[in-house]
Structures are given as C-alpha cells and as structure tokens.
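Participant: After the structure tokens below, expect a handful of questions from me.
Number of protein chains: 2
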Amino acid sequence: MKLIKGKEISELIKDEIAVRVKEHINAGGKVPHLAAVIVGNDPASETYVAHKVKACEKVGFRSSLIRIDENAQEQELLSRVEEINNDDSIDGLIVQLPLPDHMSEDKVIEKISHKKDVDGFHPVNVGRMVIGLPSYLPATPFGILELFRRSEIKTKGKHCVILGRSNIVGKPMAMLMSRKAEPGNCTVTMCHSSTENLAGICRTADIIISAMGTPGFVKADMVKEGAVVIDVGITRIKSDKTKSGWKLTGDVDFENVAPKCSYITPVPGGVGPMTIVSLLENTLKAAGKKIYF
Amino acid sequence: MKLIKGKEISELIKDEIAVRVKEHINAGGKVPHLAAVIVGNDPASETYVAHKVKACEKVGFRSSLIRIDENAQEQELLSRVEEINNDDSIDGLIVQLPLPDHMSEDKVIEKISHKKDVDGFHPVNVGRMVIGLPSYLPATPFGILELFRRSEIKTKGKHCVILGRSNIVGKPMAMLMSRKAEPGNCTVTMCHSSTENLAGICRTADIIISAMGTPGFVKADMVKEGAVVIDVGITRIKSDKTKSGWKLTGDVDFENVAPKCSYITPVPGGVGPMTIVSLLENTLKAAGKKIYF
C-alpha cells in the first residue's frame, strides 16, 4: 500500500508555482492577485480562507480579503462582486461558501465574471469543461487529477466509482475521469443516495473516489484488493484526543481499508491541501490570460 | 415487450404544442420564430433541416432557413449568427451540424447567444444543466427523458448504462439520468471506446442508452432479461430492399434484443422524432422567455 501524501505533493507544487510566478514577473507580468470574499464569521470558513491567503503569500501572489457582515443584504455582496469583476488589478475572485441562508449561492456564482472564476463554479466554466474547451477546472477534482499524475497512477480503461453527485466534486469528477485524456479514459459509475447495491458496485471498482461527507462510510468489505481509494470527505467530529476537542475525518474507514489498497489518500493531508493548489494554478492562469483574454 | 413508439408520441406532443402556441398567441404573445442555418448541401443535413422546418409549420411557428455556401469563410457564418442574435423577431437559432472542415463548430456554438441556443449546445446551457439551473436541455437527451415520462418508466435507483461520451448525447444524458429528479436518480455508468468488459457491464444494466453509432453493437447476450433499451444510433447503411438503396439502422440488434426487453425503442421511429420535439419545446420556451429574460 502506498500512501498518497497530498500535503507533501502540494508543498512541492507550491514551490514550482513560486518559481513560475517569478518567471512571469521577470517576463514583465504583474504580480497575480487573488481576492477572497468571506461573509460572516463561520469558523470553518475562516480557517479555509486563512489557508488560502497564506498559500498566496507563499507563492508570491498578492491577496485581498474582503469581509462582508453576516447580516448584510444579498445586494451588497453582489455589488462587491461586480466591483471586483471590473477591477483590472484583480485576476481571480472567490466567494467562500457556504453563504448565509438569505443569500443565493447560485446568484452569486453567476455574478462572478467567468474570467475571474478561479474556483471553476461558474456555468461557463462548468459547460466548457464538459464539452472539452479550456476552462478553470473546479478545485477539488483538478487537485485529484494532479494526485493521479504525480503518483503515476494509470487510469485508462479502469472502472472508477464516484460516491456523491455534488456540483463541486461528484459531477465534475465524473466528467473529468471519463473524458479522453490521461488521467481519464475511465469507465465511470456515479453513485448517490438513491443507489441500490452500492457496496456491490464499489467492490467492482479499480478506483473509488468518495465525496459523501459521511465518516466511515467506505468499509473494508466494499473495497477490492489493490484498489485506489481517494477520500474527499472532510467532516469535523468530536474527539477527546485533541486539544481543540474535535478532529477531521474522511469518508473512509482508513485503518481497515488501507491494507487492501494499492494507493490511498489520508484525511487530513490527502485531497484537502491539493484544493488550494488548484486555486493557485487557476489564479496564475488568470494572471497570464491563459484561458480567457 | 413494449415498443416505445417515439414517432406516435412525438405527433401527440406536437399537437399539444400547437395548442400551447395558440394559447400563447391568444394571450398576446407573438408567433414563435425559429431560424435554422445550413452550410452547404449535405443530403443528411438537408433532410434534418427540412424535417425541422416542417415541424415548425405543423405547430404554428414561423421558421426561417438561412443558407450559406459551403465555400464561404467562417467569418461569414459568424456574422450571420451575430445578426440573428441581435434580431428581436427571432426566438431560437440552430446551426445544422456538421460544418465543413474549415469552420470551427466550437466557435460557432459559442457565438450563438445562449438565450437563443435552443439546441442546448452552448457552454452556458450545458453548465447550467449540470449544476441544476434552468436551461435549454440538449435535444436528444431531453427527448429521451420525455420518452421515459410518457411511457411511465420508473428510473429511481435503477442502473443506467450509457454507451458513448459525445457532447450532444452521452455526457448530458449521464448528467440528467443521475440528477435528483424523475426521470433521473439512476446509478449511471458511462462506457466508451476505452471501456473494458463492456458486455459484462451492460448485462448488469436495468436501462441501456446506446449512442455509439455502430450498427448491431448491442447484442442479445449483452442485455439482461427485462431491461429497458434506448437506441440513439442512426447510421445509414446500404440496402437492396429499399428504393433509395439505403436504410437507417440503430446500434441495437433489434430482432434478437427486443424479445428480452421490457421496453425498447425502434430505429427509425424511436428517439429520432423526439429530438425535433425538444427543439420545438425549447423554442416555445424561448418565445415565452421562460428561461432567460
């Protein structure tokens, strides 16, 4: 069994990006600039955004954090997005999700200019990805492709079972793993809450990508000997073994599943750190006008 | 075995649309207007476009056929598309594919205003469909959903195997059959040219949707007793039994597969006629500004 050390791989890629940023600037380009909007003070969102800002600093990007009050009107958020869309000094824009209930995530995502949508959530980027045109790939699936690449895991002709059909992981992952490319060219099965015989389907998988958000969902008897298991789940559960009183846990019963796998990602330190790397990659592309002009 | 008579169902729906068009006009709406652009004189394209124009007449739409010479520059086509985009008298616009080799289909599809893209091929419509926002659904998958609805075939929890990963059938079909809706809520497996053990996978399917374009590809020993088989393939093959010297044939070895099925679509007269109905539905929606304003 080989552990896919996403944390280490992500550090390596950040070093590479830092070099590319220097080259970009030496060639007369300006410093790439990511703007992150956070609404309210959700602790998990604060942590995620702090990590993103820190990663920007590490690779030599400029970053701006825009705070909006939790009780602000939706229109205020939309106006700020519009301002940033029109601000030529900013290359990429993310709005940290989830938003408070009185704000429509769909409306906000559509408001972001697709040219600055480095999260890859805008319909134009989703649509272009599906039909095979250049686009900003959604961060988590993009990061998982990079894990396959860096670990030299061949995917062509393999049966890839994806658990979960979210807009940000399950659906784009299915499109990317089935497309004619490497990584890709898999036979892909999409499973979800209405799937019957889910355990039986998983047992036929060469690759399992789980994005259910249910701790311990993937058990050893669902995994074929030699399978590759990618765990996208990140759930906070209570723990009496940590100072904070909680810990992060994935969808996979790691202890019992890992011995059967050829490759497996841990949680934390697997897929999670790669998501931020994707965001940096997309922002560097935006600064270099590699996708849109 | 029940035959899904797409031809009959499509005639029924056209009658319904004709009634809705009258209601729309009586309520002060204008006559829905579809513009079809054809480049060159490909006989298959001529036939398809003629059917579309005829269907428009039947339901009370206005239609305009715009002909462009096969040797025209790509820019000429793009300019005509731009003109139609800006013409308020036209609600829907289709450009008949395939185009001559010197014209980029991607460029033309992106040039069509997504608000008039009643084929559902534009990235904005594809992206909105994937993330679950209202959009013009691509014609063939939309027509197949309607066949499931009208035949009262329950799909929830069923295993749907899709053969082929084209932008216009395989990929959108996978997204629609897996989404949380009825028809939908299937466990979906996408198969293609790199799939291993394709016959074995098909044998586990409750529903097979074949869009390979390979006559006789789906054989009886690949189909489970009681399965639903939807045949999207339409290939012209030579025949000494028809006056024209050719006939249309599907992907499915109909004679031997049909006896095993609970439901099956014939070719011709199955999925094909439904594609035109979808186009009419989308154009009526466009005229009523049901999706975009």
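Chains A and B are the protein sequences, given in the same order.
Quick note on numbering: the first sequence equals residues 0 to 292 in numbering that gives the first Met the number 0.
Quick note on numbering: the second sequence equals residues 0 to 292 in numbering that gives the first Met the number 0.
The beta carbon of each residue, even a glycine, is placed where N, CA and C say it ideally should be.
Since we're looking at a predicted model, the values are computed, not measured.
Run through DSSP, which three-state label would B:His-101 get?
Facilitator: coil
Participant: Give a yes or no on whether 7 Å exceeds the smallest Cβ distance from B:Ser-103 to chain A.
Facilitator: Not closer than 7 Å to any Cβ of chain A, the Cβ of B:Ser-103 fails to qualify, so no.
Participant: Locate the alpha helix (DSSP H) running through A:Met-128, then write down its first and last residues.
Facilitator: 122 to 130
Participant: With 9 Å as the C-beta to C-beta threshold (strictly closer), list the residues of the region 117 to 144 of chain A near chain B in chain order.
Facilitator: Phe-120, His-121, Pro-122, Val-123, Asn-124, Val-125, Gly-126, Arg-127, Met-128, Val-129, Ile-130, Gly-131, Leu-132, Ser-134
Participant: Any contact between the region 232 to 245 of chain B and the region 185 to 196 of chain B? By contact I mean 3 or more CB pairs, one from each, below 8 Å.
Facilitator: Contact between the region 232 to 245 of chain B and the region 185 to 196 of chain B is not established, with fewer than three Cβ pairs separated by less than 8 Å.
Participant: Rounded to whole angstroms, what's the CA-CA distance from B:Met-172 to A:Ile-200? Just pull it up for me.
Facilitator: One alpha carbon belongs to B:Met-172, the other to A:Ile-200, and they sit about 20 Å apart.
Participant: Using DSSP with H/G/I as helix, E/B as strand and the rest coil, what is B:Phe-225?
Facilitator: In the sequence on display, residue 225 of chain B carries Gly and not Phe. Residue state, collapsed to three classes: coil.
Participant: For A:Ser-62, which residues of its own chain have a beta-carbon under 6 Å away from its beta-carbon, when the five flanking residues on both sides are left out?
Facilitator: Leu-33, Val-52, Cys-55
Participant: Could you pull the start and end residues of the beta strand (DSSP E) that A:Ser-9 belongs to?
Facilitator: Counting along the chain, A:Ser-9 falls outside any beta strand (DSSP E), though it belongs to the alpha helix (DSSP H) covering 5 to 25.
Participant: Out of A:Thr-203, A:Ile-16, A:Met-0, point me to the one whose CA is closest to A:Ile-275's CA.
Facilitator: A:Ile-16
Participant: Determine the burial state of A:Pro-42: buried for a count of at least 16 other Cβ atoms within 10 Å of its Cβ, exposed for fewer.
Facilitator: exposed
Participant: Using 8 Å for Cβ pairs, my map puts A:Val-270 next to A:Gly-142. What's the rounded Cβ distance?
Facilitator: 6 Å
Participant: Check each candidate in A:Gly-163, A:Pro-99, A:Glu-81 and name the one with the smallest Cα separation from A:Lys-114.
Facilitator: A:Glu-81
Participant: Along chain B, in chain order, which residues have C-beta atoms closer than 9 Å to that of A:Gly-156?
Facilitator: Ser-193, Thr-194, Glu-195
Participant: Give every residue of the same chain whose Cβ lies closer than 6 Å to the Cβ of B:Thr-139, excluding the five residues on either side of it in the sequence, and list them in chain order.
Facilitator: Val-168, Thr-274
Participant: A:Pro-133: which of A:Arg-148, A:Val-117, A:Leu-146, A:Phe-147 sits nearest, CA to CA?
Facilitator: A:Val-117
Participant: Give a yes or no on whether 7 Å exceeds the smallest Cβ distance from A:Ser-112 to chain B.
Facilitator: Chain B, which has no Cβ nearer than 7 Å to the Cβ of A:Ser-112, makes this no.
Participant: Along the chain, which unbroken stretches of the alpha helix (DSSP H) at least 4 residues long are found entirely within the region 45 to 108 of chain A?
Facilitator: 73 to 84
Participant: Taking contact to mean 3 or more Cβ pairs, one atom from each stretch, closer than 8 Å, check whether the region 178 to 192 of chain A and the region 145 to 161 of chain A are in contact.
Facilitator: Contact holds: three or more Cβ-Cβ distances are below 8 Å.
Participant: B:Asn-184 touches chain A at which residues, Cβ-Cβ below 7 Å?
Facilitator: Ser-193
Participant: Quick one: residues in its chain with C-beta nearer than 7 Å to the C-beta of A:Ser-88, no 5 flanking neighbours on either side, listed in chain order?
Facilitator: Cβ neighbours of A:Ser-88 beyond the five flanking positions: His-32.
Participant: Nearest CA to the CA of A:Ala-210: which residue from A:Gly-244, A:Arg-202, A:Met-189?
Facilitator: Proximity to A:Ala-210 across A:Gly-244, A:Arg-202, A:Met-189 peaks at A:Met-189, based on C-alpha coordinates.
Participant: So, using beta-carbon positions, are B:Asp-250 and B:Val-217 closer together than 7 Å?
Facilitator: Yes, these two residues count as a Cβ contact at 7 Å.
Participant: Distance, Cα to Cα, A:Asp-68 vs B:Leu-2?
Facilitator: 59 Å
Participant: Going along chain B, which residues have a C-beta under 8 Å from A:Asn-166?
Facilitator: What A:Asn-166 touches in chain B: Val-129, Ile-130, Gly-131.
Participant: Please go through the same chain and pick out, in chain order, the residues whose beta-carbon is closer than 7 Å to the beta-carbon of B:Val-266, but skip the five residues on each side of it.
Facilitator: If we look at B:Val-266 and ignore the five residues flanking it on each side, its Cβ neighbours are Asp-230, Gly-232, Ile-233, Leu-247, Thr-248, Gly-249.
Participant: Would you say A:Thr-213 and A:Asp-90 are within 7 Å of each other, going by their C-beta atoms?
Facilitator: no
Participant: With a threshold of 7 Å between beta-carbons, can B:Lys-170 be considered close to chain A, or not?
Facilitator: Interface flag for B:Lys-170 against chain A is set, since a Cβ pair is found closer than 7 Å.
Participant: Assign A:Ser-193 to one of three DSSP states: helix, strand, or coil.
Facilitator: A:Ser-193: coil per DSSP, three-state reduction.
Participant: Can you name the residues of chain B whose CB is closer than 7 Å to the CB of A:Thr-213?
Facilitator: Residues of chain B passing the Cβ test: none, with the nearest at roughly 17 Å.
Participant: What does DSSP give as the partner residue(s) for A:Val-38 in the beta ladder?
Facilitator: A:Ile-67
Participant: Below 7 Å between beta carbons: does that hold for A:Val-294 and A:Ser-261?
Facilitator: The requested residue 294 of chain A does not occur in the structure, where chain A is confined to residues 0 to 292.
Participant: Terminal residues of the continuous beta strand (DSSP E) containing A:Ile-160?
Facilitator: With the sequence shown as reference, residue 160 of chain A is identified as Val, and Ile is not the correct amino acid for it. Note, A:Val-160: beta strand (DSSP E), 158 to 162.
Participant: Compare the C-beta of B:Ser-177 with all C-beta atoms of chain A and state if any pair is closer than 7 Å.
Facilitator: yes
Participant: Can you confirm whether B:Cys-319, when its beta carbon is compared against all beta carbons of chain A, has any partner nearer than 7 Å?
Facilitator: Absent from the structure is residue 319 of chain B, since the part of chain B shown begins at 0 and ends at 292.
Participant: Evaluate A:Ala-286 with the Cβ neighbour count: other Cβ atoms within 10 Å of its Cβ, from every protein chain shown; 16 or more gives buried, anything less gives exposed.
Facilitator: buried
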